[in-house]
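What follows is a single structure, written as structure tokens, with notes after it.
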Amino acid sequence: MKAKLGAALLCLVFAIPFGGIGAGASWVLGRMIYDGQRAEDWVRVKATVDSYDRSRGSVSYRYTFDGVEHRGDRLGANPIGGTDDVDAWHDGIAALMAAAQDGSKPLTVWVNPDSPSESMVDRTIRWKLAAFIVPFAFGFGGVGVAALWIFLRTLVRPAAEVEAEIHPANDGVFARGMLDDAPASRAGGAAAIDTFDTGIPPPRDPTVNEIEKLAGKRLDARQREALAKLSPQNRAMVTKVAGWLGKIKQE
Numbered sequence: 001m002k003a004k005l006g007a008a009l010l011c012l013v014f015a016i017p018f019g020g021i022g023a024g025a026s027w028v029l030g031r032m033i034y035d036g037q038r039a040e041d042w043v044r045v046k047a048t049v050d051s052y053d054r055s056r057g058s059v060s061y062r063y064t065f066d067g068v069e070h071r072g073d074r075l076g077a078n079p080i081g082g083t084d085d086v087d088a089w090h091d092g093i094a095a096l097m098a099a100a101q102d103g104s105k106p107l108t109v110w111v112n113p114d115s116p117s118e119s120m121v122d123r124t125i126r127w128k129l130a131a132f133i134v135p136f137a138f139g140f141g142g143v144g145v146a147a148l149w150i151f152l153r154t155l156v157r158p159a160a161e162v163e164a165e166i167h168p169a170n171d172g173v174f175a176r177g178m179l180d181d182a183p184a185s186r187a188g189g190a191a192a193i194d195t196f197d198t199g200i201p202p203p204r205d206p207t208v209n210e211i212e213k214l215a216g217k218r219l220d221a222r223q224r225e226a227l228a229k230l231s232p233q234n235r236a237m238v239t240k241v242a243g244w245l246g247k248i249k250q251e
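Be aware that the sequence shown starts at 1, since it is given in my numbering, and climbs by one per residue.
Laid out in structure tokens, this is it:
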């Protein structure tokens, strides 16, 4: 159970921050494209700039629509505002604001005729900014979704399975199998030794008692007899495997 809870908490550590960043980036990306498309049907209205701060990317302006004065503070389709250096869009906005403030060129804003309180200075969809956001939306979001899926899968799986994956059991099954059916295991055992042997000599050949400890059970009379009757080559194979497994357990 502890292993299951630990695995679930580890998944949450990844799911919450990565999923949060991915969800936030996806919302910004989707909202920017959606509002930019909606603004295609908005109308242009003259506005007066009350304040503009280039360093913060903030603006305040007022305009009149159908005889009613409204105030706005949205520069573009990006719903969170702020500044960035992705492209030259903020340079263009700064020039537009400077011209409006010195009176050389009046400012016009895009107003939603169905909801006149909604407006923005520039309705252009900033595709370079969108491309910059995409890796955050799908990369971080993908990690978050994957971690969440593993988290849910961990919760519904039996604790024993989770424990087995985190701490693979090494209970001497291989050695027991060779003792139970020594003739059938010769070819496969030799291949396995060749595969797993690192070239480092294993510890000394274990005694029968050590083999029993490694196997996780006491050998019965039949298994002891089978061990005693093994040829020197096969006995060396069994003891080498047992010694190798014992070394792995010690590490």
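Think of the CB as a built atom: it goes at the ideal place given N, C-alpha and C, for glycine as much as any other residue. In this text the structure is predicted, and so the values were computed from the model without any measurement.
How is residue i classed by DSSP in three states: helix, strand or coil?
i: threonine 154; result: helix
i: alanine 15; result: helix
i: serine 55; result: coil
i: lysine 128; result: helix
i: proline 203; result: Residue placement at proline 203 is poorly supported in this model, since its pLDDT is 49, which falls under 50; the coordinates still yield a value, given next. Note: proline 203 maps to coil in three-state DSSP.
i: leucine 9; result: helix
i: serine 119; result: strand
i: glycine 20; result: helix
i: serine 26; result: helix
i: alanine 77; result: coil
Who are residue i's beta bridge partners in DSSP?
i: arginine 70; result: In the sequence as presented, arginine is not what sits at residue 70; that position holds histidine. Histidine 70 is bridged to Tyr63.
i: arginine 44; result: Trp110
i: valine 49; result: Tyr61
Please say whether residue j and residue i have beta carbons closer to each other than 8 Å?
i: isoleucine 133; j: valine 28; result: yes
i: glycine 76; j: valine 121; result: yes
i: glycine 57; j: glycine 19; result: no
i: valine 45; j: valine 109; result: yes
i: leucine 129; j: valine 86; result: yes
For the beta strand (DSSP E) holding residue i, just list the boundary residues, first then last.
i: tryptophan 110; result: 107–111
Starting from residue i, trace the alpha helix (DSSP H) in both directions and tell me its first and last residue.
i: isoleucine 93; result: 89–101
Is there at least one Cβ from chain C nearer than 8 Å to residue i's Cβ?
i: proline 106; result: In summary, chain C is missing from the structure at hand, where a single protein chain is found.
Next item on the list: Report yes or no: do the region 140–149 and the region 55–69 share at least 3 C-beta pairs separated by less than 8 Å?
Entry: These segments do not touch.
Margin query: Closer than 8 Å is the cut-off here; do at least three beta carbon pairs connect the region 9–18 with the region 48–56?
Written below: The region 48–56 and the region 9–18 do not touch, with fewer than three beta-carbon pairs separated by less than 8 Å.
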